[in-house]
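Student: This is the structure I want to talk about, given as structure tokens.
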Amino acid sequence: MNRLLNTMRNAVGACAVLLLMVSALPAQSQPPMLAPSQKIPVAEAQKVRAVIEAQLAAFAADDAASALSYAFPDIRQRYPTPENFLAMVKRSYPVVYRPKSVGFLEPELADDEVFQAVEMSDDNGVLWIAIYRMGRMQDGNWRIMGCRVVPGEGQAT
Numbered sequence: 016m017n018r019l020l021n022t023m024r025n026a027v028g029a030c031a032v033l034l035l036m037v038s039a040l041p042a043q044s045q046p047p048m049l050a051p052s053q054k055i056p057v058a059e060a061q062k063v064r065a066v067i068e069a070q071l072a073a074f075a076a077d078d079a080a081s082a083l084s085y086a087f088p089d090i091r092q093r094y095p096t097p098e099n100f101l102a103m104v105k106r107s108y109p110v111v112y113r114p115k116s117v118g119f120l121e122p123e124l125a126d127d128e129v130f131q132a133v134e135m136s137d138d139n140g141v142l143w144i145a146i147y148r149m150g151r152m153q154d155g156n157w158r159i160m161g162c163r164v165v166p167g168e169g170q171a172t
């Protein structure tokens, strides 16, 4: 229980650091002020989780096109081919590419974005927290705007 509480504190702390980093950007690229974080409605939290789970399943199947389809348009434009995207994930986010275990923490809503922390373990049993930044498309669907991986505490059990 203490490990879970510490992990959740780390995830919340990482989200706070991420928000501070965003607010420190130069004025021309700074987004509007973020509202205090709020609880996301259960139905929306389920939709956010489903998108992340679908992308993880696509990574597990090496389905680059499907994996990239869950990304926000800005991310999709950065990669000329789905294979380039998959190669980047393999290289830069190995625990996201092939997690040994996955556990979703409580998502947070800030303005129109959701921050979903996901506890993952790697091949060695080391815990990581992947913090997904989710944005809603004009059609109402959620897409992944970014992901930051930070160390969790301890080993997976």
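Residue 20 in the numbering used here sits at position 5 of the sequence shown, and the numbers go up by one each step.
Glycine is no exception: its CB is placed at the ideal position from the N, C-alpha and C atoms.
Can you give me the start and stop residues for the alpha helix (DSSP H) that Y112 sits inside?
Tutor: 109-112
Student: Relative to the C-alpha of A60, which residue among V117, L124, V104, Y94 is closest?
Tutor: L124
Student: Please list the terminal residues of the continuous alpha helix (DSSP H) segment that includes Q170.
Tutor: Per DSSP, Q170 belongs to no alpha helix (DSSP H); it is in the beta strand (DSSP E), 157-170.
Student: Should the region 115-123 be called in touch with the region 81-94, which here means at least 3 C-beta pairs below 8 angstroms?
Tutor: no
Student: Could you tell me the distance, in whole angstroms, from the CA atom of G169 to the CA atom of A132?
Tutor: Straight-line Cα distance between these residues: approximately 17 angstroms.
Student: Do you know how far the Cα of I144 is from the Cα of Y94?
Tutor: 25 angstroms
Student: Name the DSSP bridge partner or partners of F74?
Tutor: As far as DSSP is concerned, F74 takes part in no beta bridge.
Student: Could you round the C-beta distance between I159 and Q70 to whole angstroms and report it? I think they count as a contact, below 8 angstroms.
Tutor: Rounded, the Cβ-Cβ distance is 6 angstroms, consistent with contact.
Student: Quick one: using the 10 Å Cβ neighbour count with 16 as the cut-off for buried, is E128 buried or exposed?
Tutor: buried
Student: Round the Cβ separation of D137 and V110 to the nearest angstrom and send it over; I've been treating them as touching at under 8 angstroms.
Tutor: 5 angstroms
Student: Buried or exposed, going by whether 16 or more other CB atoms sit within 10 Å of the CB of V57?
Tutor: exposed
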